[in-house]
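Let me begin by presenting the structure, written as structure tokens, before commenting on it.
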Amino acid sequence: MIDIFSPSEVSKFVKEKFNPYDFAFINKHWTLRLFSIIILPLVICLKLVISIFLPIISIILLFLAMIVLLPNWFVGWVIYGTKFFDEKEES
Numbered sequence: 057m058i059d060i061f062s063p064s065e066v067s068k069f070v071k072e073k074f075n076p077y078d079f080a081f082i083n084k085h086w087t088l089r090l091f092s093i094i095i096l097p098l099v100i101c102l103k104l105v106i107s108i109f110l111p112i113i114s115i116i117l118l119f120l121a122m123i124v125l126l127p128n129w130f131v132g133w134v135i136y137g138t139k140f141f142d143e144k145e146e147s
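Residue numbers for the sequence shown follow our numbering, beginning at 57 and rising by one.
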């Protein structure tokens, strides 16, 4: 049968077994040390970079695309339009 624990029992168990301030426990397990020293700051920095710089980069790329594509579209429209009107005048 499955035992169902109350939230207070679960939090008490977690506080006893996994004390975040128990540096001896962290130093014993190299995976936790690796996570706390290297991976966690990298994840935080990556999240900051994504949340701050990604919108800025996307806006810059949008404006660059407008600067590059809009004149090409306009020139094509003018050439096509003048070609269309030239054909109309000839007939």
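Where is the CB? At the ideal position from N, CA and C, for every residue including glycine.
Every value quoted in this text rests on a predicted model; they were computed, and no experiment measured them.
Could you tell me the distance, in whole angstroms, from the CA atom of TRP129 to the CA atom of ILE113?
Position 73 of the sequence shown, counting from 1, holds the residue named residue 129. Position 57 of the sequence shown, counting from 1, holds the residue named residue 113. Roughly 24 angstroms separates the two Cα atoms.
Considering just the uninterrupted stretch of the alpha helix (DSSP H) at SER64, what are its terminal residues?
For the purposes of this step, residue 64 is taken as residue 8 along the sequence shown, with counting starting at 1. 63–73 is the extent of the alpha helix (DSSP H) around SER64.
For ILE108, which residues of its own chain have a beta-carbon under 6 angstroms away from its beta-carbon, when the five flanking residues on both sides are left out?
Taking the first residue of the sequence shown as position 1, residue 108 is located at position 52. Cβ within range, chain order: n/a, list empty.
Have a look at LYS103 and LYS68 and give me their C-alpha separation to the nearest angstrom.
The residue given as residue 103 occupies position 47 in the sequence shown. The residue given as residue 68 occupies position 12 in the sequence shown. In a straight line, the C-alpha of LYS103 is about 31 angstroms away from that of LYS68.
Whole angstroms are fine: how far does the CA of LEU126 sit from the CA of PRO63?
What you label residue 63 is simply residue 7 of the sequence shown in a count that begins at 1. What you label residue 126 is simply residue 70 of the sequence shown in a count that begins at 1. In a straight line, the C-alpha of PRO63 is about 60 angstroms away from that of LEU126.
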